[in-house]
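Asks:
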Amino acid sequence: MKLSTLAVVLGVVFALPNLFALLKPTAFTTAARKFPRATPIGWFLTLAATAWFLSNLNAETIADFASYKKMMLIGFAALGILTCIFVPDFLPVRGLAALLLLTAHYTLNRTRWAESDLRLILVVWAYTWVIAGLWLTVSPWRLRDYLTWSTSSPSRLRAISAGCLAFAILVAILGLTAFSQPVQASPMP
């Protein structure tokens, strides 16, 4: 996926829940407060993260792991499934944390060779996901606390959602403009 496409997709995906929060704050508040303990969503997010991680591992070409790759694939697949079965507390938060880490990895790989300095917006955002992913992995109840705090007043929810929506639109616009420019060859001296 090209960086321009990735930026548009990230912008749209980040905009959707914030737009929902602005248009239907009561419904968003109800859904957001149920999210940390919504086990079916947790299964989906955790298994999606497991599948994505297995895909990354399978594509890895490090020779040091070549003889262990099959065992690692089986072991990590089992770990993802067993996590869903034996660690149901805050499973959606753990699945989201894993997806944040994987999305950051993917985004950083795509921004690495971009020439525009505006790529740093995505780089900083990706490192924010890394910090959030690690923090939520260690203490998943913090997302519940944050969601309770951010949805405790309609004005606070509107302010947070409006700011996040503005940022999502900025990222999508960057994808359509700055990141979609063809790479120009430098003139030969």
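Take 254 as the starting number for the sequence shown in the numbering used here and just add one per residue. The beta-carbon is built from N, C-alpha and C at its ideal position, and this holds for glycine as well.
(1) Look up P293 in the DSSP assignment and say whether it is helix, strand or coil.
(2) Does the region 427-435 come close enough to the region 306-318 that 3 or more CB-CB pairs lie under 8 Å?
(3) Just to confirm, is the Cβ distance from G333 to A357 under 9 Å?
(4) Could you compute how far the alpha carbon of G328 sits from the alpha carbon of K322?
(5) Please work out which residues of its chain come closer than 8 Å, Cβ to Cβ, to A280, disregarding the five sequence neighbours upstream and downstream, and give them in chain order.
(6) To the nearest whole angstrom, what separates the beta carbons of A302 and G264, a pair I think is in contact under 8 Å?
(7) Going straight from the alpha carbon of L300 to that of L354, what length do you get?
(8) Between the Cα of F339 and those of W366, A379, I315, G295, spot the shortest distance and give me the residue it belongs to.
(9) M196: which of T364, R395, G386, W382 sits nearest, CA to CA?
Replies: For this structure:
(1) By 1-based counting over the sequence shown, the position of residue 293 is 40. The answer is helix: DSSP assigns P293 an H, G or I state.
(2) no
(3) For this step, residue 333 is matched to residue 80 along the sequence shown. For this step, residue 357 is matched to residue 104 along the sequence shown. Cβ distance not < 9 Å, so G333 and A357 don't count as in contact.
(4) The sequence position of residue 328 within the sequence shown is 75, counting from 1. The sequence position of residue 322 within the sequence shown is 69, counting from 1. If I take the Cα positions, the gap works out to 10 Å.
(5) As a position in the sequence shown, residue 280 is number 27, starting the count at 1. Correct list, in chain order: F273.
(6) Walking along the sequence shown from the start, residue 302 turns up at place 49. Walking along the sequence shown from the start, residue 264 turns up at place 11. Rounded, the Cβ-Cβ distance is 21 Å, inconsistent with contact.
(7) If you number the sequence shown from 1, residue 300 lands on position 47. If you number the sequence shown from 1, residue 354 lands on position 101. Their backbone Cα atoms lie some 14 Å apart in a straight line.
(8) Residue mapping note: residue 339 aligns to position 86 of the sequence shown, counting from 1. Selected option, being the one with the closest Cα: G295.
(9) Lying before the first or after the last residue shown, residue 196 is absent from the chain, which here runs from 254 to 442.
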